[in-house]
Amino acid sequence: MVSLDALSLKSISLWQEIAMVSYLSLYTFFKVLLRCWSAHRFILQK
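Position 26 of the sequence shown, counting from 1, maps to 26 under UniProt numbering, and the rest follow consecutively.
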């Protein structure tokens with residue numbers, strides 16, 4: 001029973017880690033996209 005609890009706890013922490021990494025990568029992607037878009041708009045306005 002203890003090993004099962006440890007396994008479920010490990011899988012939960014793994015899922016949390018995966019969610020955190022995916023969230024960070026999405027955040028970085030959108031930040032870069034926004035920066036490129038604003039730079040493109042700035043070039044168009046020039």
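Don't be surprised by glycine CBs; every beta carbon is placed ideally from N, CA and C.
| Check | Outcome |
| --- | --- |
| Alpha-carbon to alpha-carbon, Glu17 and Ser11 | 10 Å |
| Euclidean distance between Cα positions of Trp15 and Lys46 | 46 Å |
| Length of the line joining the Cα atoms of Ser38 and Ser13 | 37 Å |
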